[in-house]
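Engineer: Residue 297 in this note's numbering sits at position 290 of the sequence shown; the count goes up by one each step and never skips.
Quick reminder that beta carbons are idealized off the backbone N, C-alpha and C, glycines included.
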Amino acid sequence: MAGIGRKTDTWGSRFGFIMAAVGSSVGLGNFWRFPFTAGENGGGAFIIIYLACVLFLGLTVLMAEYAIGRKSGMSAIEGIHSLSRAEGKSSNWGAVGWIGSLAAFFILTFYIVISAWVIEFIPQALSGSFQGFAEEAAKQTAAAQAADPNAAAITIADVSTQNFVKSIGDKILVGAFLIAFIVVNVFIVARGVKGGIERAATILMPAFFVLLIGIVGFALVKGDAAAAADFLLRPDFSEVGFGTFLAAVGQAFFSLSVGSCLMITYGAYLSRDTNIPRASGIIAGADTLVALIAGFAIFPIVFAFGADPAGGPGLFFISLPIAFGAMGDLGIYVGSAFFLLALFAALTSSISLMEVAVSWLEERQGVTRPGAAIGIGFVLFMIGMGYVFSGAFIDFADFVTGNVMLPLCALLVAVFAGWVMSRHMFESELGEGNVMNIWRFMVRWVVPPALGFILVFGTLDSLQGFGLQLPGFLTALLGPNVVAG
Ligand code: PHE
């Protein structure tokens, strides 16, 4: 295909790029996915494995993605394609770009639904409806016991669960918020990288950090910080199996936005004077810090108010309202701030996910950027509504995209960058010194075998959680299964 050239748009400033990239990384992955994944996988031990995955695998692939992006200056699919041709290698490597881009797209289809739930909880928090949970529980208990004196008491957690089920069951309202969220995304992405994505991120991310600090301060003062620290910092390796490793890798990649070719896409707009290894360090560091901070904001509240740390995807939407409801009037402010915070974070991530597809459509299909954004927005609306109305599949889509497609794409990116491309190809991107030596060693000898191993055994282990029967010797080999099916 002739006529595809380097991107002409670039980030306006280094700060703007860092905000956009941190904005992409920091998202629902940190607030919604990280706490329940850590909770389901045993807390401390999971977090240690998670940190190792970020440091040894995530960071290496992140650098590889930026290097590929800036070197080619194109969208992920075209970029990998053109680099392999330049090296005289098979252009089938472009398939790697497809896997990542499809992962990004499918993540986006449910990401927008969770975002719509988040939006729905903001007015709930503001109107003080969580504050009525205790009263409602007492009322329901009285009614149940009037009918049958032996009926069990209805707890606040039951009421919060009812509230969650009722909230996401209000399909018209969720659908309306879904449309609103898609429209905002389309609007921002249509305005371009500098004028849309970067501008939104430079406003939203600083606001996000201010809110975050406020909430952590509150959690540490009012929540049960000791119980949270005990849970988060005391590793219990007895529950660790291959599934735990897969969950940790998947979570690390999801949170860093690695393995979706997103950072290839963002790298294409990167100017020459940005130091890729340093920028990668800042981005991975900020994302990890926010995940840990989010853990320290959520778990003290969870423990202080007796919620279940392994509450699954509902942890965020069931446990937190209980906590906010128990804080009296203060809960109105803290609760609304918290959901607003999550919304800001979600938005800067969803626009990045959308950019993966838009950047490709724009260069390859010859449509304008607004046209591409509107088209993608429409498809998202159709699929998103499917999730809203069926009310199912999000768990499974999350597993397949986050825990299988992202690690698989990252594995292939590593093989491509380490084995298919020559060292010389990336000298202009990563320099020619120790950093390059270490990176090249990692991307060749550490990342591919580690990811291959974790993917194969971890997927088998996790599928057991989804009800697959494996031969006995494999079950014994795989160790305890901790992934909830
Ligand atoms: N990193 C984002 C988050 O944590 C999600 C995401 C995944 C964004 C993959 C882009 C690519 O919410």
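Of the residues Thr408, Glu94, Ala353 and Phe310, which one's Cα is nearest the Cα of Met212?
Structural biologist: Position 205 of the sequence shown, counted from the first residue, corresponds to residue 212. When only C-alpha atoms are compared, the closest one is Ala353.
Engineer: Touch check for the stretch 390-410 and the stretch 99-108: three-plus C-beta pairs under 8 Å?
Structural biologist: The stretch 390-410, when compared against the stretch 99-108, does not touch it at the 8 Å Cβ threshold.
Engineer: For Thr355, count neighbouring Cβ atoms within 10 angstroms of its own Cβ and tell me buried if that reaches 16, exposed if not.
Structural biologist: Looking up residue 355 in the sequence shown gives position 348. Thr355 should be labelled buried.
Engineer: Give me the Cα-Cα distance between Arg13 and Gly76, rounded to the nearest whole angstrom.
Structural biologist: The sequence position of residue 13 within the sequence shown is 6, counting from 1. The sequence position of residue 76 within the sequence shown is 69, counting from 1. The alpha-carbon atoms of Arg13 and Gly76 are separated by roughly 10 Å.
Engineer: Which two residues bound the contiguous alpha helix (DSSP H) that contains Trp105?
Structural biologist: On the sequence shown, residue 105 is found 98 positions in, with the first residue counted as 1. Where Trp105 is concerned, the enclosing alpha helix (DSSP H) stretches over Gly101 to Leu133.
Engineer: What whole-angstrom Cβ distance do Ser167 and Ile329 have, given they're in contact under 8 Å?
Structural biologist: Here residue 167 refers to the residue found at position 160 of the sequence shown. Here residue 329 refers to the residue found at position 322 of the sequence shown. Rounded, the Cβ-Cβ distance is 5 Å, consistent with contact.
Engineer: So, are the CB atoms of Phe433 and Lys78 less than 9 Å apart?
Structural biologist: Against the sequence shown, residue 433 aligns to sequence position 426. Against the sequence shown, residue 78 aligns to sequence position 71. Yes, Cβ-Cβ distance for Phe433 and Lys78 is below 9 Å.
Engineer: If you measure from each CB to the nearest heavy atom of the ligand PHE and keep those under 6 Å, what residues do you get, in chain order?
Structural biologist: Having a Cβ closer than 6 Å to some heavy atom of the ligand PHE are Ser31, Ser32, Gly34, Leu35, Gly36, Asn37, Ala111, Ile114, Phe261, Ser262, Ser264, Ser267, Leu269, Ser356, Ser359 and Leu360.
Engineer: Return the residue from the list Thr17, Met389, Val172 and Ala349 that minimises the CA-CA distance to Val217.
Structural biologist: One-based indexing of the sequence shown puts residue 217 at position 210. Nearest C-alpha to Val217: Ala349.
Engineer: Can you check which of these residues, Gly288, Ala344 and Gly34, is closest to Val61 by C-alpha distance?
Structural biologist: Numbered from its first residue, the sequence shown carries residue 61 at position 54. Looking at the Cα atoms, Gly288 is the closest of the given residues.
Engineer: Taking Ser20 as the reference, give the member of Val200, Ala123, Phe388 and Pro320 with the closest Cα.
Structural biologist: Along the sequence shown, one-based indexing puts residue 20 at 13. For Ser20, the nearest C-alpha among the options comes from Val200.
Engineer: I'd like to check one pair, Leu239 with Gly302: are the Cβ atoms closer than 9 Å?
Structural biologist: The residue labelled residue 302 in the question sits at position 295 within the sequence shown. The residue labelled residue 239 in the question sits at position 232 within the sequence shown. It is a contact, given that the beta carbons lie within the stated cut-off.
Engineer: Whole angstroms is fine: what's the gap from Gly409's alpha carbon to Ala286's?
Structural biologist: Working through the sequence shown from its first residue, we reach residue 409 at position 402. Working through the sequence shown from its first residue, we reach residue 286 at position 279. About 24 Å.
Engineer: Can you tell me where the alpha helix (DSSP H) with Tyr276 in it begins and where it stops?
Structural biologist: Counted from its first residue, the sequence shown places residue 276 at position 269. Premise fails: Tyr276 is in no alpha helix (DSSP H) and is neither H nor E.
Engineer: If distances are taken between C-alpha atoms only, which option among Ile189, Gly438, Leu368 and Asn99 comes closest to Tyr118?
Structural biologist: Here the question's residue 118 lines up with position 111 in the sequence shown. Checked all of Ile189, Gly438, Leu368 and Asn99; the closest Cα to Tyr118 is Ile189.
Engineer: Have a look at Leu458 and Val247 and give me their C-alpha separation to the nearest angstrom.
Structural biologist: Your numbering for residue 458 matches position 451 in the sequence shown. Your numbering for residue 247 matches position 240 in the sequence shown. One C-alpha to the other measures close to 17 Å.
Engineer: Of the choices Ser91, Pro284 and Val463, whose alpha-carbon is the least far from that of Ala254?
Structural biologist: In the sequence shown, counting from the first residue as 1, residue 254 sits at position 247. Here the closest residue by C-alpha is Val463.
Engineer: Please report the straight-line C-alpha distance between Pro137 and Gln131, rounded to a whole angstrom.
Structural biologist: By one-based count along the sequence shown, residue 137 stands at place 130. By one-based count along the sequence shown, residue 131 stands at place 124. This sequence places Phe at residue 137; Pro is not what is there. Going by the C-alpha atoms only, they are around 7 Å apart.
Engineer: If you drop the 5 nearest sequence neighbours on each side, which residues of the same chain put their C-beta closer than 6 Å to that of Gly425?
Structural biologist: Locating residue 425 in the sequence shown gives position 418, where the first residue counts as 1. Val450 and Arg451.
Engineer: Determine the extent of the alpha helix (DSSP H) in which Trp367 is found, giving its start and end residues.
Structural biologist: The residue labelled residue 367 in the question sits at position 360 within the sequence shown. Leu337 to Arg371 is the span of the alpha helix (DSSP H), which, as asked, contains Trp367.
Engineer: Who are the Cβ neighbours of Glu1 in its own chain at under 7 Å, not counting the five residues just before and after it?
Structural biologist: This structure cannot speak to residue 1, because the chain is shown only from 8 to 492.
Engineer: In chain order, what residues of the same chain lie with their CB nearer than 6 Å to the CB of Gly104, ignoring the 5 residues before and after it?
Structural biologist: The residue labelled residue 104 in the question sits at position 97 within the sequence shown. Within the same chain, Gly104 has close Cβ partners Ala83, Ile84, Ile87 and Cys268.
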